[in-house]
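Let me begin by presenting the structure, written as structure tokens, before commenting on it.
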């Protein structure tokens with residue numbers, strides 16, 4: 001897991017969760033927020049293999065995007081919640097959890113965010129006290 005992302009989440013008052021610190025990340029999140037999350041934001045990417053299957057696919061160079069983090073998001077989302085994906089997925093995703101999205105009536109919104117290209121400028125503006133209105137960007 002990218003240590004820099006965890007530190008940044010912590011600096012904004014979020015609770016960073018390192019996947020290696022918890023046997024089951026979804027169970028940990030539900031222990032922190034028992035009713036589930038209303039609007040989880042997945043800013044992860046498939047580049048951090050967790051499951052044995054993903055590690056094996058990577059080893060033999062047959063890797064496709066994995067849905068491990070999306071599975072955690074859907075499991076920990078409230079019914080009728082909103083799941084936001086600003087991750088870095090490419091083309092197809094293996095074992096996408098469409099069933100739980102349908103069961104819980106979760107609204108899925110997504111879009112690719114090239115955050116790494118604009119992050120330093122944004123952080124500099126935040127430190128200067130700039131007030132951003134994302135709906136006008």
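Residue numbers (UniProt numbering): 1 to 137.
From the three backbone atoms N, C-alpha and C, an ideal C-beta is built for every residue, glycine too.
Fair warning: this is a prediction, and the values are worked out from it, not measured in the lab.
How big is the Cα-Cα spacing for residue 137 and residue 36? Any reading at residue 137 must be qualified, since the residue scores a pLDDT of 45, below 50, and its modelled position is unreliable; the value itself is stated next. For residue 137 and residue 36, the distance between alpha carbons rounds to 30 Å.
Among 80, 24 and 43, the one whose alpha carbon lies nearest that of residue 111: The residue with the shortest Cα to Cα distance from residue 111 is 43.
Quick one: any contact between the stretch 86–101 and the stretch 118–125, if contact means 3 or more CB pairs under 8 Å? The answer is no - the stretch 118–125 does not touch the stretch 86–101, with fewer than three Cβ pairs under 8 Å.
What's the C-alpha gap between residue 16 and residue 10? Across the structure, residue 16 and residue 10 are spaced so that their CA atoms are roughly 6 Å apart.
Give the DSSP-derived three-state secondary structure of residue 69 in the structure shown. Helix at residue 69.
Mapping DSSP to helix, strand and coil, what is residue 94? Strand.
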